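Remarks on the structure that follows.
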Amino acid sequence: MRVALFLTCVNDTLYPDTGRAVVKLLTRLGVDVDFPTAQTCCGQAHYNTGYRHEAEPLARHFSDVFRDYEAIVTPSGSCAAMVRELYPRMGARARTEGRGDTLERVLAPVVPKTYELTEFLVDVLGVTDVGAYYPHRVTYHPTCHGLRALGLGDRPRRLLRAVKGLELVELPGAEECCGFGGTFSVKNPDVSAAMGADKVRNAESTGARVLCAGDNSCLMHLGGIMTRLGVGMRPVHIAEILASTEEAPSA
Amino acid sequence: MNGKERILARVRRALADVPRDDRPYAQAVRRDYLRQHDERGAEDLVDLLAENLADYRAVVHRCGAGELPGLIAHLLGERGAKSVLVPPGLDETWLADTDVRRVADRPESTPHELDRVDSVLTGCALAVAETGTIVLDGSPDQGRRRISLIPDHHICVVRVPDQVVPSVPQALERLVPGRPLTWISGPSATSDIELDRVEGVHGPRTLEVVLMSG
Amino acid sequence: MSTTRPGTPGPPPSSRPDPPDFPAFPRAAHQAVRDRTLRGNLRHATHTIRAKRAKAVAEVSDWAALREAGKQIKDHTLRHLDRYLEQVEETVTAAGGTVHWAVDAEEANRIVADLVKETGQREVVKVKSMATQEIGLNEALEAEGIRAYETDLAELIVQLGKDRPSHILVPAIHRNRGEIRDIFRSEMGKWGRPAPEGLTDRPAELAEAARLHLREKFLRAKVGISGANFVVAETGTLVVVESEGNGRMCLTLPETLISVVGIEKIVPTWRDLEVFLQTLPRSSTAERMNPYTSMWTGTTDGDGPSAFHLVLLDNGRTDTLADEVGRQALRCIRCSACLNVCPVYERAGGHAYGSVYPGPIGAILSPQLRGTASEIDASLPYASSLCGACYEVCPVAIDIPEVLVHLRERVAQGGPATRGGNKVVLRPAKGHTAERAVMRAARWALARPGVLRGGQRFVSRTRRFHPRSLPGPGRAWTGTRDLPAVPAEPFRDWWQRTHGGKEGPR
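Rendered as structure tokens:
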């Protein structure tokens, strides 16, 4: 199976460890992973901030880069949701604007084969025990796009529960948004930070040392609040936990 | 152009992009929701009604037809009611065992006069088991809408099982749209203070529902 | 948030109409987020109702089917709205009512004021109605020397407190019981019967105080004003869903009843009510059924008002209808479930939305009904993290995030829209020039992997010099959060250097 890693522009630039973890994890599970270096950005920030027309060339570029792979895996619920939910919508809008069905046709091939990482593991590879070892107390925050747009359900938790040594504790108010919301975090900084602080306090109340999620942009926001508030926790992407083994543990 | 013409013209312009849909309305909406949520027998439905009425703080009583006058007399007595509003077509025998003063609702009665009456006794058009609702439709045994509103104590008699329907969809099927309808689920209440439900505001603060069989 | 000013002489005008000069959402929210009492009140109330709603919805196994049917009924009605409006006029008229058409707030207020004046009355009792708040009816009547008494408990609290509503269902949700007691004690006497001596903050006592205060107004009222939750085109029936009984009082005791109803409130058939009478109570007050639902068709001889007027209100609704993406907002049945689950509403409070329609639905309704020209309306589409909780609970499946993003596009990029019934091409809103340039530059760079890579390398190599806090617009992030540490190399450099980790050190 020819699988492409769509790392996302944020992870590529700021969180290469997450990318290395995905490669390590998938390789361990026997998947031949490729990282097409022409990849850039799915266009979500543009689209969600009201710049749909600027997002369109990025979506076309995405399709050009990834269309020939059998599966496209990304360690980001929100970028996966962009492709799966919003690319078809972008195509349809272009059609109703009288621009024909070209965009729809260009984007169509990548839509059904783009998977968020935990979805790919559970639904495509059919595994929940990925042979990981992570001896820490962890609480999990389901990010909004994974939870509501993709419907990831309990897949991430099932994966975490199968990790050796990991103690998973429930996060109070888990389904509430962390307040990141892309450009929301800078356009409405007060509300965004208040939401984030509440999320961090809830995470802290569990006694866990690690707050795990499937989106580094949300974790960047929460991590920034944790250090600002001096909370003794750290944010860790789920890929880094699942990649960790007894032989090669992640921190 | 008058207001009507302007609004209709705006609506038509607004919909210019929408493809026509000439399907009959019956085909336009998929109604694969349930006609009722609970396939119970008639007796169980009455139990469900009683349960749901009580859940929203209506006081529920059950009796046979022969016991009704005694029960009504007892309820009015317990309340200390000196007067009771009586719809024009109410079965007089329901009040046979009480000498509480009957007050008729005449067209010229003022709200202030009705406000001095302690209780009101009515029948109903039907009751909805799933939601614990009674519906009044202004029939002669129920009277004008205001009589079940102004007194602070409302006794409503439901003939069971005949007047009980399981669900909202089945209630609407049996009701006549042109009549003035009042759906009542428990005594008046408010959630306006901290979104917490408090019973008893402007409508009757005590609602007693008598489920009369036979 | 406005505060009570005890000692202000005489009954003041109630909630003001929407002036377009409310501050932008982030600025209003800046205050609210720091108001501990407000945060506590909102958190308590929304979390209480959230849990109850989830339970009430879980009770019905066919919720998804009811939701879909509700959506289809509303979409069908909107698609044929001209036909159904004419049918409403026919059926209401045939049942003894009189139908009036109001293109905007001013026309609606004029119609209502004239109708009240014809009765010779100087006061009216009102059932809570979003439409009349939207058009500022109370103020318009006040200007004509007509006093309007709000009779819903929360509206009464708002009116007595010279406050603005902050929630669709519970306009005084921002007030806790202690604040309500204080308002009743100091203000009730100026409007009529004063609060009882020794009034405490027990909700039951507060409700009793409202009962006594309003009763004298109900019993003498000759004119009632209402909105409606639904208008059935087939039968001409209006439906009002309520809890307290103030609705029944206003709908049945006066001689004249005037109902101001948005044109989107129509449902085609009687049978359609079977959907909404199941979804609305469970979504709004989290009850199987609300205490009282009144249905009336024109006038009934000898029962209730002898004169009935229906005012059909446009006021921006046809402009909204003209928008292919935005028109779904007209499905709204005003249940307020979206407010109660919204994390932004919970922290910013209803007043920050600068409209009688707060919360997620307000963020898509106000900029469509009023346009995006004002500072507040241009900021509302951004008042959301797009978390999608609102869409999930909406009983008519309004995809609020989709409409928010669509309206962001209108604000940031301009484009075709309909205002006042005319097609216009909007220019991009002010204040987005720099953002537009950044977005364009980012798109240019991101469409070129080589440029992206150059930028990443630059950021990585200069990482020792990165400050912890940023100046200027960057403060929006670093005012409350630290920046992430930048890695020594981007992933793509590692990948190329090691061929995916197959070579060299990891």
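Quick mapping for you: the protein sequence lines, in order, are chains A, B and C.
Heads up: the first sequence begins at 1 in the working numbering, then just goes up one per residue.
Heads up: the second sequence begins at 252 in the working numbering, then just goes up one per residue.
Heads up: the third sequence begins at 466 in the working numbering, then just goes up one per residue.
Backbone N, C-alpha and C fix where the C-beta goes; we use that ideal spot for every residue, glycine too.
Keep in mind that this is a model prediction, so the values were computed, not measured.
Check this for me: beta carbons of residue i and residue j, under 8 Å apart or not?
i      : j      : result
B:G437 : B:E445 : no
A:N216 : A:N11  : yes
C:A848 : C:V809 : yes
C:Q833 : C:A794 : yes
C:K593 : C:Y614 : no
A:Q39  : A:V65  : yes
C:H639 : C:L503 : yes
A:K113 : C:G966 : no
C:F741 : C:G562 : no
B:V351 : B:L327 : yes
C:L979 : C:R642 : Nothing about residue 979 of chain C can be reported from this structure: the residues present for chain C run from 466 to 971 only.
C:T785 : C:G886 : no
B:P320 : B:A347 : yes
Do residue i and the ligand GTP come close, with the Cβ less than 7 Å from some heavy atom?
i      : result
C:T584 : As for the ligand GTP, it is missing from this structure, which has no ligand bound.
Which chain C residues sit within Cβ distance under 8 Å of residue i?
i      : result
A:L58  : R908, L911, A912
A:V186 : P938, A941, W942
B:S439 : S708, E709, G710, P756, Y757
A:F6   : By Cβ distance, chain C contributes nothing, its closest Cβ being about 12 Å from A:F6, past 8 Å.
A:N11  : F956
What distance in whole Å lies between the Cβ atoms of residue j and residue i, which are believed to be in contact at a cut-off of 8 Å?
i      : j      : result
B:A440 : C:S708 : 5 Å
C:V581 : C:L606 : 7 Å
C:E533 : B:R367 : With a Cβ gap of about 51 Å, C:E533 and B:R367 do not count as contacting.
C:V727 : C:L778 : Note that residue 727 of chain C is Gly in the sequence shown here, rather than Val. About 5 Å separates the two Cβ atoms, so the contact holds.
C:M595 : C:G692 : 6 Å
C:T700 : C:W761 : With 8 Å as the limit, C:T700 and C:W761 do not qualify as a contact, their Cβ atoms being about 11 Å apart.
B:S370 : B:V419 : Actually they do not touch by this definition, with Cβ atoms about 29 Å apart.
A:R21  : A:A239 : A small fix is needed here, since residue 21 of chain A is Ala in this sequence, not Arg. Confirmed, about 4 Å.
C:S526 : B:H325 : Not quite, the Cβ-Cβ distance comes to about 40 Å (not below 8 Å), so this is no contact.
C:D768 : B:P431 : 6 Å
Between which residues of its own chain and residue i is the CB-CB distance below 7 Å, once the five residues before and five after are set aside?
i      : result
B:L296 : A380, P412, V415, P417
C:N755 : V706, E707, S708, P746
C:E811 : L507, R508, T511
A:L222 : C178, G196, K199, V200, L211, P235
Tell me which residues share the same chain as residue i and place their Cβ nearer than 6 Å to its Cβ, disregarding the 5 neighbours each side in the sequence.
i      : result
C:G819 : F487, I841
C:A494 : A813, A817
C:D864 : Y856
A:M82  : C42, Q44
C:P478 : Confidence is the limiting factor: at C:P478 the pLDDT is only 40, short of 50, which leaves the residue's position unreliable, though a coordinate-based value still follows. Only E604, E607 meet the Cβ criterion.
C:D737 : I538
Taking Cβ-Cβ distances shorter than 7 Å, what residues in chain C pair up with residue i?
i      : result
A:V23  : G965, G966
A:H141 : Correct list: empty, because the minimum Cβ distance to chain C is about 12 Å.
A:E176 : P808
A:E54  : M904, R905, R908
Within its chain, find whatever has a CB closer than 8 Å to the CB of residue i; leave out the 5 residues flanking it on each side and keep chain order.
i      : result
B:A316 : M463, S464, G465
B:A265 : none
A:M233 : V200, A203, E204, A208, R209, V210, L211, M226
Residue i: buried (16+ other C-beta within 10 angstroms of its C-beta) or exposed?
i      : result
C:K520 : exposed
C:E620 : buried
C:S839 : buried
C:S724 : buried
C:G710 : buried
A:K199 : buried
C:F956 : buried
C:R481 : Low confidence applies here, because C:R481 scores a pLDDT of 40, under 50, leaving its location unreliable; read the following figure in that light. With fewer than 16 Cβ atoms within 10 Å of its Cβ, C:R481 is classed as exposed.
Just to make sure I have the definition right: I need the residues of chain B whose C-beta is within less than 8 Å of the C-beta of residue i. Which are they?
i      : result
C:W735 : L423, P428
C:E729 : Simply none; closest approach about 11 Å.
C:V537 : First, the amino acid is wrong: residue 537 of chain C is Gln here, not Val. Result: A279, V280, R281.
Run through chain B and tell me which residues come within less than 7 Å of residue i, C-beta to C-beta.
i      : result
C:W761 : P431
C:P668 : I444, D447, V449
C:M595 : Simply none; closest approach about 15 Å.
C:E572 : G254
Under 9 Å Cβ-Cβ, which residues of chain C neighbour residue i?
i     : result
A:V33 : G965
For residue i, return the contacting residues in chain A, with the cut-off set at a CB-CB distance below 7 Å.
i      : result
C:V809 : V191
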